[in-house]
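To start, the structure itself, in structure tokens.
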Amino acid sequence: MNRDDFLPFALPSVSEDEIKEVVDTLRSGWWTTGAKTKKFEADFAKFVGASHAIAVNSATAGLHLALEAIGIGPGDKVITTTFTFTATAEVIRYLGADPLFVDIDPQTLNISVDQVEDALKNHPEVKAIMPVHFAGQACEMDELLALAEEYGVRLVEDAAHALPATYKGRRIGTLGDATVYSFYVTKTIATGEGGMVVTDDDAIAERVRVMRLHGISRDVFDRYTSDKPAWYYEVVAPGYKYNMTDIAASLGLHQLKRAEAFRQRRELMALRYDAAFSELPVRLPFVKRPDDIHAWHLYVLRLQTGELMIDRDRFIELMAERGIGTSVHFIPLHRHPYWRDTYQLDAADFPVAEQVFAECVSLPLFPAMSDADQQRVIEAATAILQDACG
Ligand SMILES: *Cc1c(COP(=O)(O)O)cnc(C)c1O
Numbered sequence: 001m002n003r004d005d006f007l008p009f010a011l012p013s014v015s016e017d018e019i020k021e022v023v024d025t026l027r028s029g030w031w032t033t034g035a036k037t038k039k040f041e042a043d044f045a046k047f048v049g050a051s052h053a054i055a056v057n058s059a060t061a062g063l064h065l066a067l068e069a070i071g072i073g074p075g076d077k078v079i080t081t082t083f084t085f086t087a088t089a090e091v092i093r094y095l096g097a098d099p100l101f102v103d104i105d106p107q108t109l110n111i112s113v114d115q116v117e118d119a120l121k122n123h124p125e126v127k128a129i130m131p132v133h134f135a136g137q138a139c140e141m142d143e144l145l146a147l148a149e150e151y152g153v154r155l156v157e158d159a160a161h162a163l164p165a166t167y168k169g170r171r172i173g174t175l176g177d178a179t180v181y182s183f184y185v186t187k188t189i190a191t192g193e194g195g196m197v198v199t200d201d202d203a204i205a206e207r208v209r210v211m212r213l214h215g216i217s218r219d220v221f222d223r224y225t226s227d228k229p230a231w232y233y234e235v236v237a238p239g240y241k242y243n244m245t246d247i248a249a250s251l252g253l254h255q256l257k258r259a260e261a262f263r264q265r266r267e268l269m270a271l272r273y274d275a276a277f278s279e280l281p282v283r284l285p286f287v288k289r290p291d292d293i294h295a296w297h298l299y300v301l302r303l304q305t306g307e308l309m310i311d312r313d314r315f316i317e318l319m320a321e322r323g324i325g326t327s328v329h330f331i332p333l334h335r336h337p338y339w340r341d342t343y344q345l346d347a348a349d350f351p352v353a354e355q356v357f358a359e360c361v362s363l364p365l366f367p368a369m370s371d372a373d374q375q376r377v378i379e380a381a382t383a384i385l386q387d388a389c390g
């Protein structure tokens, strides 16, 4: 098989608009944070309906800044899901605090509300909850917000999968204390590397803005356009270097305009997969509230391994042999040596994540895929699964 025949798991969609904007930025000489980043922030805030959007160079940076801004520090605990990427939890460690991992809901694969409640009851050191809107489907936000209120803790949402998702008709980004999006190259809109912190809380926004760029009280662009002398600035904290470049924002400006079209394409493809696989020994992604917008970052199939002669790993190998890239979301964090050994985590405490991990596989689902590409995935998966039924 030659390389051209391989369908990768994910690829970004780029149009002439993004390319022209990047070239314009390169020619302008202003490559770092400037007018284009400001415009991207303003457009993004409007898109999600939030007061503040602060652009950063990754969602990991944004999650770190959001937790810093709500005052997470040594001795604190933050509740999060084991069924996520390590970035969600590592930022808790950056601040010297400790994650408290809980299991997931067996249908949505989002953080289990019951487990969050138990963790809050048993651990008074908890200062925040960090849910992840898995695959682009919103978590149980009413319940999580009520628990946050009852126990006096903050809610920081990892929305790396969730642009543009809604919860009971409201856009994600306007519900918790802060919400963080990712524009990593595989995500629903991409800037190569990038992220956005969204909040309605003025104090959080102010702190994130300052800490994003060295703890300087005004960002570089303001410094060069305000009437204060250009050389003057004040450092008010030991901040970070997390600002977004105008090169990345050039991509983001146009990707955001296409976000709804991308989502519609993803949804259409998800529905096609559902229809194609409905009679096979697999569990389809569960959609909890069909009236809400699902961002469909991922299409996660669960193989009914009890009815199959192959396991998930073998399925992935067979798909690769047919020239199709797949992935696994996620290897639960309690299985990784660092998290397991540091917090003495026992797989028996995460039975749902364990079960789902054994059977889950993510299929290619991206707007740049053609209908023929998707048909190839459907035919390959169908043939492999039918063979495996014996
Ligand atoms: C991709 C991802 C991140 C990290 O995003 P970056 O922009 O790469 O830092 C965080 N959380 C989840 C759930 C992700 O999928």
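Residue numbers (the UniProt record's numbering): 1 to 390. Glycine included, every Cβ here is placed at the ideal spot set by N, Cα and C. A quick note: this is a predicted structure, and the numbers were derived from the prediction, not measured.
Candidates the options, of which the one nearest residue i by Cα
| i | options | result |
| --- | --- | --- |
| V156 | K20, L109, A89 | A89 |
| A237 | P124, A87, L11, M211 | M211 |
| T305 | Q386, N243, Y273 | Q386 |
| D349 | K39, A50, F83, E68 | F83 |
| residue 403 | I378, H123, D43, V113 | Residue 403 cannot be examined here, being either before or after the span of the chain that is shown, 1 to 390. |
| V91 | A353, A347, W339 | W339 |
| H329 | T81, F85, N110 | F85 |
| H214 | V48, V356, Y242, A259 | Y242 |
| A69 | K39, M369, L345, R154 | R154 |
| A97 | V48, A119, I72, L109 | I72 |
Other residues of its chain near residue i: CB distance less than 7 angstroms, five sequence neighbours each side excluded
| i | result |
| --- | --- |
| F315 | L303, V361, I384 |
| A295 | G136, H161, A162, L163, P164, A165, T188, R263 |
| Y299 | A270, Y273, P285, S362, L363, L365 |
| D371 | none |
| Y167 | A138, M141, L175, D292 |
Cα-Cα separation, residue i to residue j
| i | j | result |
| --- | --- | --- |
| I79 | K257 | 34 angstroms |
| S15 | P74 | 45 angstroms |
| T245 | V22 | 11 angstroms |
| R218 | K36 | 17 angstroms |
| L95 | G192 | 26 angstroms |
| L26 | V116 | 47 angstroms |
| S333 | D24 | Here residue 333 is Leu; the residue named in the question, Ser, does not match the sequence. Cα-Cα distance, rounded: 42 angstroms. |
| E359 | D313 | 9 angstroms |
| E307 | V282 | 9 angstroms |
| N2 | G323 | Because N2 carries a pLDDT of 49, less than 50, the predicted location of this residue cannot be relied on, and no value is offered for it. |
| residue 423 | S13 | One cannot answer for residue 423 here, as it falls past the ends of the chain, which runs 1 to 390. |
Beta-carbon contacts of residue i that lie in its chain and below 6 angstroms, excluding the five residues immediately before and after
| i | result |
| --- | --- |
| I182 | In the sequence as presented, Ile is not what sits at residue 182; that position holds Ser. For S182, where only same-chain residues beyond five positions count, the Cβ hits under 6 angstroms are A59, A160, G195. |
| L318 | I384 |
| M309 | A388, G390 |
| T186 | A10 |
| I54 | V197, V208, R209 |
| E18 | L251, H254 |
| A146 | none |
| G62 | V56, V180, G195, V197 |
Beta-bridge pairing of residue i - partner residues as DSSP gives them
| i | result |
| --- | --- |
| I104 | I111 |
| L301 | V361 |
| K77 | D98, V126 |
Delimiting residues of the beta strand (DSSP E) encompassing residue i
| i | result |
| --- | --- |
| D158 | 154-158 |
| I204 | Not the beta strand (DSSP E): I204 falls in the alpha helix (DSSP H), residues 202-212. |
| G195 | 195-199 |
Endpoints, the alpha helix (DSSP H) within which residue i is located
| i | result |
| --- | --- |
| A275 | 259-277 |
| Y151 | 141-151 |
Closer than 8 angstroms to chain B by CB, residue i
| i | result |
| --- | --- |
| E354 | Within the model displayed, chain B is absent; a lone protein chain is all it includes. |
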